[in-house]
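Read through the structure below, which is laid out as structure tokens, and then see the notes.
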Amino acid sequence: GYDDSLDAFGVHGIGGTLGAILTGIFATRAVAPNYADGLLYSVSEGGPLLVGQIVAVVVTAVFSIVVTLVLLKVIDATIGLRVSQEDEMRGLDLSEHGEEGYIFTG
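Note that the sequence shown covers residues 3 to 108 in the working numbering.
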């Protein structure tokens, strides 16, 4: 698996991708009169709109992946991506802030 404790990818990555692609299907001039209808309302207008939405999603994903990898490499080379195993075992509240956030022992 991957470490995504806030489920940011599941919420924003998947939701944003589906929303962008489905715009090419469900778009309607009734809501946005200056733009093309989606595939559901017009095949001639909706086809190119859907293709454009998919291309935009792919370009955005590639850009995001490349920039993220570059940033990860820079951060890893400078300050590192992970805390030490000792700090992780002690708890990050204690090692980063000098106090425990949740005390589970008596």
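For glycine and all other residues, C-beta sits at the position ideal for the given N, C-alpha and C.
Source: prediction; values computed, not measured.
Separation of residue j from residue i, as counted between CA atoms
{"i": "Gly48", "j": "Glu101", "result": "57 Å"}
{"i": "Ala63", "j": "Arg92", "result": "37 Å"}
{"i": "Leu52", "j": "Thr70", "result": "27 Å"}
{"i": "Val61", "j": "Gly54", "result": "10 Å"}
{"i": "Leu20", "j": "Asp5", "result": "22 Å"}
Bounding residues of the alpha helix (DSSP H) (the contiguous stretch that carries residue i)
{"i": "Gly12", "result": "Premise fails: Gly12 is in no alpha helix (DSSP H) and is neither H nor E."}
{"i": "Asp5", "result": "Where Asp5 is concerned, there is no enclosing alpha helix (DSSP H), given that its DSSP letter is neither H nor E."}
CB of residue i within 7 Å of CB of residue j, strictly
{"i": "Gly109", "j": "Gly40", "result": "Shown here, the chain extends from 3 to 108; a query on residue 109 therefore has no answer."}
{"i": "Gly82", "j": "Asp95", "result": "no"}
{"i": "Ala22", "j": "Val68", "result": "no"}
{"i": "Phe28", "j": "Leu42", "result": "yes"}
Going along the chain, which unbroken runs of the alpha helix (DSSP H) with 4 or more residues stay wholly within the stretch 67–102? For the stretch 67–102, whole alpha helix (DSSP H) runs of length 4 or above, ordered along the chain, are 87–92 and 94–99.
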